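A short write-up of the structure that comes next.
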Amino acid sequence: MKVVIVGGGTAGWWTAGCLEHNFPDWDITLIESKDIPIVGVGESTVPQIGNFLSNIGIEDSHWLANSNALKKYGNRKINWRKSGDDNFDWTFWYNYNKKFEGWAQKFRKGEVDLDSLNDFYDPNDWSGYAYHVDAFEMGRMVKDHCKNVKHVYATLTEKPEADLVFDCSGFAARFVEDKTKQHYPHTIIDRAFVGPHEPRDDLPMVTQSIGRDYGWQFIVKLKNRVGVGYVYSSRHVSDEDAYKEFEEMIDEGGFVPMGLPSEANSYNDKHMFFKWEPHALTNPWSGNVVAIGTTAGFIDPLEANALFHIQHGIETFVKCWKRGYGKKTYNKAVRISWNNTVDLMKHHYALSDRDDTEFWRYWDCCREECRQSVWDNYEKRHNLETNLYPSSIWATMAAYFDEWKRAPF
Ligand SMILES: Cc1cc2nc3c(=O)[nH]c(=O)nc-3n(C[C@H](O)[C@H](O)[C@H](O)COP(=O)(O)OP(=O)(O)OC[C@H]3O[C@@H](n4cnc5c(N)ncnc54)[C@H](O)[C@@H]3O)c2cc1C
79 MKVVIVGGGT AGWWTAGCLE HNFPDWDITL IESKDIPIVG VGESTVPQIG
129 NFLSNIGIED SHWLANSNAL KKYGNRKINW RKSGDDNFDW TFWYNYNKKF
179 EGWAQKFRKG EVDLDSLNDF YDPNDWSGYA YHVDAFEMGR MVKDHCKNVK
229 HVYATLTEKP EADLVFDCSG FAARFVEDKT KQHYPHTIID RAFVGPHEPR
279 DDLPMVTQSI GRDYGWQFIV KLKNRVGVGY VYSSRHVSDE DAYKEFEEMI
329 DEGGFVPMGL PSEANSYNDK HMFFKWEPHA LTNPWSGNVV AIGTTAGFID
379 PLEANALFHI QHGIETFVKC WKRGYGKKTY NKAVRISWNN TVDLMKHHYA
429 LSDRDDTEFW RYWDCCREEC RQSVWDNYEK RHNLETNLYP SSIWATMAAY
479 FDEWKRAPF
């Protein structure tokens, strides 16, 4: 089987590593352009990433010591329930539904406080932590691990000859055959400013997600820097005003910009600027081309979902191929995963009580629907293996946003 992977970002190299591991007889070539840089952001992850790397033979005990990565113990939400709200950590506790229901009874009687929800959390569980990773190292690490993948530098203008082509060319989606897109209602986050800042010892080892006037801010601590970004809705604020707001966040947090590692997507000498059309491909595998990574879709970086979609896309391909399932099954499985991600994003915004800007008032449109479906999701997503965001995440969400009225117990 002759396979060509187009793209040398995280999606390209993770695809190469996973295919080489699972199909040692395949003839795999990865082609990347020297002139088109990788996106170079995306540094917060979910615990499943550790499993993916370990399955292809890369143990975190090794790479954590040799990279700028750090363990991440959860997501700290600030300013989401209402403006000026205190922080609350969403940790990675899993599959203790009965225990959660017992806890919820006590919480509603005022016998325990919200913080005690995290007593279910075990940081030593395999799924108890995720990572903050250097975007440039994530691909490089798998590249160094690959033994038989041929690596070529070239900027392709035509689809390469191969039995299978994996299009990992990023937002350009260069060789995708069927470009039909699924646009989801209420995916209004579509811009970001982001940049590296001087490293800081005083920051917690959680991803901080701070609700802001027109979106949210992230703070991701690595050994060698802190990634700070503002992700927002262009329907509600101009890029110029969003950047002013972002500069205030940088001042307020005492962050010192380090300058940019490359000219890619630079807005100025301190920060990068990204814009995208939130979507996922309806048929990420069409013809002999499989789209992985941002080629296949990108919605909103909230809750660190994008690298997981790379993992899911390639692992699902491997399963389908080994079991003899074709494109139809593959495309359906990938669509389900995107649907679940979009659903979780929507609940994050719609369950908030914030009404201080047009952005937050926008979410009146689906608040009632989300109040019901947060519990529907809690009831049906028990399996951590098949749900990126399992029941415990939905339980945390319902508890955090104080949604007890329709609890099913
Ligand atoms: C603001 C922002 C924040 C994010 N935060 C997170 C996060 O916290 N967590 C998370 O999981 N994800 C996050 N992401 C997503 C994450 O950055 C991407 O999923 C990840 O970097 C994968 O990118 P990629 O490999 O698909 O594409 P890219 O990194 O863009 O790589 C594309 C590759 O294709 C090559 N290429 C393109 N065209 C050609 C051609 N014609 N010929 C040859 N080669 C070509 C390029 O040279 C490059 O090597 C974020 C994204 C953004 C925009």
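In terms of the numbering used here, the sequence shown has 195 at position 117, counting the first letter as 1, and numbering is strictly consecutive.
Ideal Cβ positions, reconstructed from N, Cα and C, are used throughout, including at glycine.
Treat the numbers as computed from the prediction; the structure is a model and nothing was measured.
**Request:** Would you list the one or two residues that DSSP bridges to Pro468?
**Result:** Start at 1 with the first residue of the sequence shown, and residue 468 comes out as number 390. Pro468 pairs with nothing; no bridge assigned.
**Asked** Between the C-alpha atoms of Trp416 and Thr464, what's the straight-line distance to the nearest angstrom?
**Response** Counting from one through the sequence shown, the residue named residue 416 turns up at place 338. Counting from one through the sequence shown, the residue named residue 464 turns up at place 386. Distance between the alpha carbons of Trp416 and Thr464: 13 Å.
**Item:** Ile328 - containing alpha helix (DSSP H), residue span
**Value:** Here residue 328 is taken as the residue at index 250 of the sequence shown, counted from 1. It spans 317 to 331 - the alpha helix (DSSP H) in which Ile328 sits, taken as one unbroken run.
**Close Cβ partners of Tyr308 (< 6 Å) along its chain, the five nearest in sequence each way excluded** = Within the sequence shown, the letter at position 230 stands for residue 308. Excluding positions up to five away in sequence, the list reads Phe271, Gln295, Phe324.
**Prompt:** Which term fits Ala147, buried or exposed, when burial requires 16 or more other beta carbons within 10 angstroms of its beta carbon?
**Reply:** Working through the sequence shown from its first residue, we reach residue 147 at position 69. Ala147 should be labelled buried.
**Item:** Reduced DSSP category for Ala251 - H, G, I as helix; E, B as strand; rest coil
**Value:** In the sequence shown, residue 251 corresponds to position 173, counting from 1. Coil, per DSSP.
**Prompt:** Is Gly128 near ligand 1, with its Cβ less than 7 Å from a heavy atom?
**Reply:** Mapped onto the sequence shown, residue 128 falls at position 50. Not so, every heavy atom of ligand 1 lies at least 7 Å from the Cβ.
**Prompt:** Does the distance from the C-beta atom of Leu429 to that of Glu381 stay below 8 Å?
**Reply:** Counting from one through the sequence shown, the residue named residue 429 turns up at place 351. Counting from one through the sequence shown, the residue named residue 381 turns up at place 303. Contact flag unset, no.
**Request:** Entirely within the segment 266 to 295 and at least 3 residues each: give me those beta strand (DSSP E) ranges in chain order.
**Result:** 269 to 275, 285 to 290
**Item:** Where Leu192 falls: helix, strand or coil (DSSP)
**Value:** Against the sequence shown, residue 192 aligns to sequence position 114. Helix, per DSSP.
**Prompt:** Based on Cα-Cα distance, which residue from Ile127, Asn165, Thr233 lies nearest to Asp113?
**Reply:** Indexing the sequence shown from 1 puts residue 113 at position 35. Of the listed residues, the one whose Cα sits closest to Asp113 is Thr233.
**Item:** Gly307 in three-state terms, based on DSSP
**Value:** Residue mapping note: residue 307 aligns to position 229 of the sequence shown, counting from 1. Here Gly307 sits in strand by DSSP.
**Bounding residues of the beta strand (DSSP E) (the contiguous stretch that carries Trp168)** = Numbered from 1 along the sequence shown, position 90 holds the residue referred to as residue 168. 166 to 168 is the extent of the beta strand (DSSP E) around Trp168.
**For Phe166, the nearest candidate out of Ser145, Tyr151, Lys483 (CA to CA)** = Within the sequence shown, the letter at position 88 stands for residue 166. That would be Tyr151, whose Cα lies nearest to the Cα of Phe166.
**Request:** Decide if Lys483 is buried, meaning its Cβ has at least 16 other Cβ atoms within 10 Å, or exposed.
**Result:** The residue given as residue 483 occupies position 405 in the sequence shown. Its Cβ having fewer than 16 others within 10 Å, Lys483 is exposed.
**Asked** Asn153 to Phe376, Cα distance in whole Å?
**Response** To locate residue 153, count along the sequence shown from 1; it is residue 75. To locate residue 376, count along the sequence shown from 1; it is residue 298. Each residue's Cα considered, the two are about 20 Å apart.
**Request:** Could you tell me which of Met350, Ser194, Asn129, Val82 sits nearest to Leu385, measuring between CA atoms?
**Result:** On the sequence shown, position 307 is the one that residue 385 refers to. If we check each option's Cα against that of Leu385, Asn129 comes out closest.
**Request:** My understanding is that Glu121 touches Gly305, with C-beta atoms under 8 Å, so please give their C-beta distance in whole angstroms.
**Result:** The sequence position of residue 121 within the sequence shown is 43, counting from 1. The sequence position of residue 305 within the sequence shown is 227, counting from 1. Contact flag correct, Cβ pair sits at about 5 Å.
**Item:** Leu108: CB within 7 Å of a non-hydrogen atom of ligand 1
**Value:** Taking the sequence shown and counting its residues from 1, one reaches residue 108 at position 30. Answer for Leu108: no, Cβ out of range of ligand 1.
**Request:** Closer than 6 Å by C-beta to Ile435: which residues in its own chain qualify, once you throw out the five before and the five after it? Chain order, please.
**Result:** The residue you call residue 435 lines up with position 357 of the sequence shown. Reading off the sequence, residue 435 comes out as Thr, not Ile. Hits under 6 Å: Asp291.
**Message:** Give me, in chain order, the residues of the same chain whose beta-carbon lies closer than 6 Å to that of Gly293; leave out the 5 immediate sequence neighbours on both sides.
**Reply:** By 1-based counting over the sequence shown, the position of residue 293 is 215. Ile267, Val309, Tyr310, Ser311, listed in sequence order.
**Message:** I want to know whether the segment 395 to 402 touches the segment 336 to 354 - three or more CB-CB distances under 8 Å.
**Reply:** no
**Asked** Taking only runs of the alpha helix (DSSP H) that begin and end inside the segment 194 to 262, which ones reach a length of at least 4 residues, in chain order?
**Response** 213 to 223
**Message:** For ligand 1, I want to know if Pro379 counts as a neighbour, meaning its beta carbon is within less than 7 Å of at least one of the ligand's heavy atoms.
**Reply:** Here the question's residue 379 lines up with position 301 in the sequence shown. Yes, since a heavy atom of ligand 1 falls inside the 7 Å radius drawn around the Cβ of Pro379.
**Request:** Take the Cβ of Asn346 as the centre, count every other Cβ of all protein chains shown within 10 Å, and call the residue buried at 16 or more, exposed below.
**Result:** The count along the sequence shown starts at 1 and reaches residue 346 at position 268. Result: exposed.
**Message:** Contact defined as beta carbons within less than 8 Å: I believe Phe352 pairs with Arg269. What is the distance between those atoms, to the nearest angstrom?
**Reply:** For this step, residue 352 is matched to residue 274 along the sequence shown. For this step, residue 269 is matched to residue 191 along the sequence shown. 7 Å between Cβ atoms; contact.
**Asked** Mapping DSSP to helix, strand and coil, what is Lys112?
**Response** Walking along the sequence shown from the start, residue 112 turns up at place 34. Coil at Lys112, not helix or strand.
**Request:** Taking the CB atoms as reference points, tell me whether Asp105 and Val81 lie closer together than 8 Å.
**Result:** Residue mapping note: residue 105 aligns to position 27 of the sequence shown, counting from 1. Residue mapping note: residue 81 aligns to position 3 of the sequence shown, counting from 1. Yes, they are a contact pair.
**Request:** Measure the C-alpha to C-alpha separation of Glu355 and Ala477 and round it to an integer number of angstroms.
**Result:** Counting from one through the sequence shown, the residue named residue 355 turns up at place 277. Counting from one through the sequence shown, the residue named residue 477 turns up at place 399. So the two alpha carbons sit approximately 32 Å from each other.
**Message:** Determine whether the beta carbon atoms of Phe244 and Thr93 lie at a separation below 8 Å.
**Reply:** Within the sequence shown, the letter at position 166 stands for residue 244. Within the sequence shown, the letter at position 15 stands for residue 93. Going by C-beta atoms, Phe244 is nearer than 8 Å to Thr93.
**Request:** Assign Asp105 to one of three DSSP states: helix, strand, or coil.
**Result:** Indexing the sequence shown from 1 puts residue 105 at position 27. Residue state, collapsed to three classes: strand.
**Request:** Report yes if the CB atom of Arg432 is closer than 8 Å to the CB atom of Trp438, and no otherwise.
**Result:** Along the sequence shown, one-based indexing puts residue 432 at 354. Along the sequence shown, one-based indexing puts residue 438 at 360. Contact: yes.
**Prompt:** Exposed or buried, what is Ala473 when buried is set at 16 or more other beta-carbons lying within 10 Å of its beta-carbon?
**Reply:** Along the sequence shown, read from residue 1 onward, the residue named residue 473 stands at position 395. So Ala473 ends up on the buried side.
**Item:** Distance between Met283 and Tyr467 (C-alpha atoms, nearest Å)
**Value:** Stepping through the sequence shown from its first residue, residue 467 is reached at position 389. Stepping through the sequence shown from its first residue, residue 283 is reached at position 205. Taking the straight line from one Cα to the other gives about 20 Å.
**Message:** Using only the alpha-carbon positions, how far apart do Ser111 and Leu192 sit?
**Reply:** Stepping through the sequence shown from its first residue, residue 111 is reached at position 33. Stepping through the sequence shown from its first residue, residue 192 is reached at position 114. Near 50 Å, if we compare the C-alpha coordinates of Leu192 and Ser111.
**Prompt:** Is any heavy atom of ligand 1 found at a distance shorter than 7 Å from the C-beta of Leu385?
**Reply:** Locating residue 385 in the sequence shown gives position 307, counting from the first residue. Correct: Leu385 has its Cβ closer than 7 Å to ligand 1.
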